[in-house]
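Protein chains in written order, with our numbering: chain A, 44 to 815; chain B, 7 to 277.
Right, dumping it as structure tokens:
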């Protein structure tokens with residue numbers, strides 16, 4: 044009797060188990076044309092549920108057994124559909140076909156993927172290759188970074204300046220990753236070009252808030268850039284020739300479907316124009332850059348894949364023999380993807396990253412080279428686990444060894460300068476993190492995670508104790524490998540989304556970030572020689588706590604999107620300079636030139652976007668405030684941070700006039716940066732000296748600019764297609780201030796005047812792009 | 007010439023060549039200021055050089071004339087000796103018989119309307135010029151005559167220098183200061199470049215048979231810091247990250263400096 048009951052119970056359980064039997068569908072999604080894996084492609088299950096592919100095109104979803112219909116989609120590609128009966132764990136690899144095969148314009152149609160209102164991720168914008176094709180062309184180059192700066196909350200530092208400001212953050216608070224390798228200076232010449240060659244880029248994601256726990260190390264944003272893998276179907280060449288630059292891209296299969304390579308190079312020749320000048324002060328000058336992106340990938344088997352990618356870039360600038368400056372980034376990433384099971388995906392990365400510059404001075408009796416670098420060796424291991432259809436979990440570790448050479452002086456024997464160098468600085472950064480995206484109900488999703496970060500400052504080197512005035516009290520000597528100090532920080536990350544109805548949702552997030560590498564600049568304009576400095580016993584880790592809420596609404600069947608986000612950031616251990624600071628001093632105690640305090644930033648961002656159709660584009664508007672309070676500056680009162688901009692507007696429009704012509708335009712307007720101007724003057728030693736009363740108490744003139752672009756698709760032959768791209772930068776010739784200086788008037792030396800210098804007024808350009 | 011300026015000049019040069027850079031005067035609404043007291047105190051090793059100038063800061067829109075402060079009590083101290091300076095011109099106080107000696111520390115006390123301002127300054131040892139010459143250098147493609155001061159920096163001590171240059175009797179409006187951080191104990195050729203002049207401005211051009219005079223000053227560390235920070239952040243010319251008032255060695259609610267320094271003067275006729 045007893046055993047009979049048990050038997051029934053067991054069989055009941057078996058029935059129950061059968062009813063709930065679940066299996067996993069996993070695989071990789073690629074583009075059919077090139078075999079490129081697709082990042083963030085959507086897998087939707089009819090009747091609810093779904094997932095997206097990870098950075099390597101991998102997805103995994105667990106469903107109850109039975110009949111299912113799956114829909115696979117990705118921006119600019121035809122949606123794939125699949126119906127099947129699930130009985131056992133299944134691998135489905137899929138290739139999606141292009142919607143349009145034209146080189147130039149892609150009209151985004153209504154069938155293209157809509158944004159997801161239910162993912163908790165907020166403060167994030169994505170650009171894929173397909174979208175990049177549609178962005179306005181400036182100076183003959185499609186530059187995705189420039190396009191990102193047209194989004195709300197992300198601001199360009201202005202003409203002639205590298206870098207960007209995200210939600211009130213400084214230019215050094217952006218984590219810029221190229222295939223996971225940090226890039227320490229993301230701009231070329233005059234800030235006009237970014238280091239990222241759009242031809243080599245697959246996907247860009249920028250996070251201005253709510254950063255997931257796998258990212259860390261910078262306060263304000265993450266710019267995660269993934270390079271193309273290379274076409275594993277066909278050999279292809281594309282390139283372009285413009286007024287100031289030329290580029291070439293070669294890619295192809297090493298083994299069809301399995302492995303491929305990609306090499307992309309660029310070179311500018313702006314200095315060729317300098318040679319044309321009869322002015323001897325110009326025609327001896329050098330001014331150019333080149334860069335190379337290369338990538339290899341190799342499939343070791345069904346479960347393993349290797350990627351090797353690298354970037355090398357160099358800028359050179361020279362004034363005759365008198366003065367030379369060259370700088371550049373080098374990165375290399377080796378990655379190994381391993382699929383442990385259909386629910387567990389692993390990636391291991393070995394990363395090298397280097398930024399350096401050399402200044403050469405060759406003037407009269409002063410002959411010296413000054414060399415500086417920051418170099419990282421970096422190991423990352425991440426596991427992605429898809430336990431059920433409601434959870435996706437990531438956890439991993441990251442370890443980076445930094446070496447900073449702040450300034451190494453070498454001289455010729457005849458030079459009157461003594462070769463003396465600043466000490467190298469060593470540090471070891473570690474992190475461990477765990478994050479889970481949990482779909483709690485049909486309407487409520489949450490991503491929560493924790494990142495533990497540590498930063499250890501290592502010897503050998505001298506460290507200091509300073510008094511209030513920044514004078515050295517005593518010097519502490521550390522031996523090689525000795526721990527000077529370790530900072531430990533816990534960074535909670537939380538993001539929530541609540542779907543109000545099928546067309547709108549509310550999201551909220553909280554994120555803490557810390558930063559241990561700081562860029563010290565001795566100027567209001569950016570220069571390649573700005574210095575990276577690691578935290579020390581005196582320079583504490585910068586900390587940011589950001590709270591953000593947002594409202595998302597799809598209008599007219601998702602053809603239009605409205606996004607409103609607001610944020611409040613509280614910042615600790617922010618760095619600014621003492622009055623009259625000399626950050627180029629040859630002292631090892633750079634801290635004596637710095638002061639530390641707190642900051643706050645808040646704002647509201649609006650983005651209204653027309654996503655589809657012949658005419659598309661967006662309007663973005665940001666209203667914001669960024670302030671600092673540092674004892675010893677501005678009488679210890681709150682003052683505007685340099686990057687504080689009250690209003691910031693961008694309008695971007697693209698119009699496909701015909702099959703041949705695509706037109707684009709963008710207009711931007713922003714409040715001038717907060718700067719320090721004199722409030723008075725006096726005479727010292729017979730010369731006018733200016734009198735200052737408050738830090739950043741004045742404003743640069745407001746900035747605005749219109750750019751126009753047009754692309755003409757030329758006649759297509761079988762495999763050959765080409766286009767001409769025309770553009771005008773600053774179409775109405777607005778003289779935007781680069782610097783403002785004060786001097787005695789030339790006409791009346793008894794008066795003083797303010798003088799504005801503008802860099803770029805009306806720059807037309809033309810370029811020719813081809814592909815076969 | 008700093009490397010930063012070279013970077014800027016090249017950038018501007020390139021932009022100029024593209025025909026895109028442009029300069030213009032603009033109007034800025036620069037608020038009024040609190041008319042702060044400015045003290046410029048000098049004591050040298052030569053009799054007749056001692057002077058203390060008192061003035062007040064003016065609004066940006068005012069003229070550049072010296073706004074002297076009259077009726078102040080100005081004293082210079084050394085050990086127990088006090089010298090009271092006499093006001094010779096409005097705001098200029100002098101002591102024609104007073105000179106200093108290297109190695110001594112001097113004090114300054116200024117009393118204006120009952121408010122006191124003080125400073126001390128050390129007069130450093132005197133380093134003499136070995137030579138004063140004119141050399142030709144290729145500056146941005148132009149062969150330019152540049153004044154060169156040759157001297158030997160003493161290895162056993164930290165030295166700070168300041169130079170003043172006069173061309174055809176006109177004082178060059180530039181600040182020349184240097185330390186021996188990277189040049190301690192070396193034979194130095196200090197070149198007094200005049201950069202940043204417009205092409206059509208010939209006021210400071212050095213030509214054959216011109217008279218060029220140089221004063222070499224040995225200054226105290228605090229005075230070096232004052233002039234270094236002044237030239238970096240208060241001349242209105244450059245784009246320092248922190249335009250600010252120079253770091254003063256005067257205590258009290260005033261700006262300016264007090265310098266006790268040595269002076270050596272040399273003149274040559276340009277060959």
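A virtual CB, placed ideally from N, CA and C, is assigned to each residue, including glycine.
Close-in-space but distant-in-sequence residues of the same chain around residue i (CB under 8 Å, 5 per side omitted)
i, result
"residue 534 of chain A", "256, 259, 493, 494, 495, 496, 554, 555, 556 and 557"
"residue 312 of chain A", "287, 288, 289 and 331"
"residue 815 of chain A", "279, 280, 281, 762, 763 and 764"
"residue 55 of chain B", "48, 49, 105 and 269"
Best match in the options for proximity to residue i [C-alpha to C-alpha]
i, options, result
"residue 90 of chain B", "B:113, B:73, B:234 and B:177", "B:113"
"residue 160 of chain B", "B:141, B:53, B:83 and B:189", "B:189"
"residue 550 of chain A", "A:489, A:129 and A:747", "A:489"
"residue 165 of chain B", "B:214, B:137, B:157 and B:226", "B:226"
"residue 106 of chain B", "B:85, B:119 and B:115", "B:85"
"residue 151 of chain B", "B:31, B:198 and B:183", "B:198"
"residue 222 of chain A", "A:210, A:243 and A:237", "A:243"
"residue 261 of chain A", "A:584, A:306 and A:131", "A:584"
"residue 464 of chain A", "A:663, A:513 and A:452", "A:452"
Other residues of its chain near residue i: CB distance less than 6 Å, five sequence neighbours each side excluded
i, result
"residue 613 of chain A", "588 and 643"
"residue 753 of chain A", "706 and 769"
"residue 536 of chain A", "256, 492 and 554"
"residue 296 of chain B", "No answer is possible for residue 296 of chain B: it lies beyond the span of chain B, which begins at 7 and ends at 277."
"residue 775 of chain A", "749"
"residue 375 of chain A", "353 and 395"
Classification of residue i by the beta-carbon crowding that lies within 10 angstroms, buried from 16 upward
i, result
"residue 231 of chain B", "buried"
"residue 254 of chain B", "buried"
"residue 486 of chain A", "exposed"
"residue 77 of chain B", "exposed"
"residue 231 of chain A", "buried"
"residue 445 of chain A", "buried"
"residue 561 of chain A", "buried"
"residue 806 of chain A", "buried"
"residue 56 of chain A", "At residue 56 of chain A, the pLDDT of 40 sits below 50, so the modelled position is not reliable and the matter cannot be decided from this model."
Chain-ordered neighbours of residue i on chain A, where CB pairs are closer than 9 Å
i, result
"residue 66 of chain B", "720, 721, 722, 723, 724, 733, 734, 785, 795 and 797"
"residue 32 of chain B", "744, 780, 783, 796, 797, 798 and 799"
Span separating the alpha-carbon of residue i from that of residue j
i, j, result
"residue 641 of chain A", "residue 669 of chain A", "11 Å"
"residue 163 of chain A", "residue 435 of chain A", "13 Å"
"residue 728 of chain A", "residue 635 of chain A", "29 Å"
"residue 62 of chain B", "residue 44 of chain B", "5 Å"
"residue 366 of chain A", "residue 141 of chain A", "51 Å"
"residue 124 of chain A", "residue 425 of chain A", "31 Å"
"residue 390 of chain A", "residue 89 of chain A", "30 Å"
"residue 251 of chain A", "residue 46 of chain B", "50 Å"
"residue 234 of chain A", "residue 187 of chain A", "14 Å"
"residue 479 of chain A", "residue 437 of chain A", "6 Å"
"residue 358 of chain A", "residue 398 of chain A", "12 Å"
"residue 348 of chain A", "residue 379 of chain A", "6 Å"
"residue 454 of chain A", "residue 675 of chain A", "38 Å"
"residue 721 of chain A", "residue 592 of chain A", "40 Å"
"residue 796 of chain A", "residue 31 of chain B", "7 Å"
"residue 791 of chain A", "residue 208 of chain B", "17 Å"
"residue 133 of chain A", "residue 86 of chain A", "15 Å"
"residue 372 of chain A", "residue 362 of chain A", "22 Å"
Close-in-space but distant-in-sequence residues of the same chain around residue i (CB under 7 Å, 5 per side omitted)
i, result
"residue 816 of chain A", "What is shown of chain A runs 44 to 815, which leaves residue 816 of chain A out entirely."
Contact set between residue i and chain A, taken where Cβ atoms lie within less than 8 Å
i, result
"residue 78 of chain B", "The contacting residues do not exist; residue 78 of chain B stays about 16 Å from chain A at best."
Neighbouring residues, chain A, relative to residue i (Cβ below 7 Å)
i, result
"residue 213 of chain B", "Under the 7 Å cutoff, chain A gives no residues; its nearest Cβ is about 19 Å from residue 213 of chain B."
Residue i: contacting residues in chain B (beta-carbon distance under 9 Å)
i, result
"residue 452 of chain A", "188"
Residues that residue i contacts on chain B, provided the C-beta gap is smaller than 7 Å
i, result
"residue 730 of chain A", "179"
Near the ligand ATP: residue i beta-carbon under 7 Å from a heavy atom
i, result
"residue 88 of chain B", "Among the components of this structure there are no ligands whatsoever, and the ligand ATP is therefore not found."
Contacts of residue i in chain B (Cβ-Cβ under 8 Å)
i, result
"residue 400 of chain A", "In chain order: nothing, as chain B lies at least about 10 Å away."
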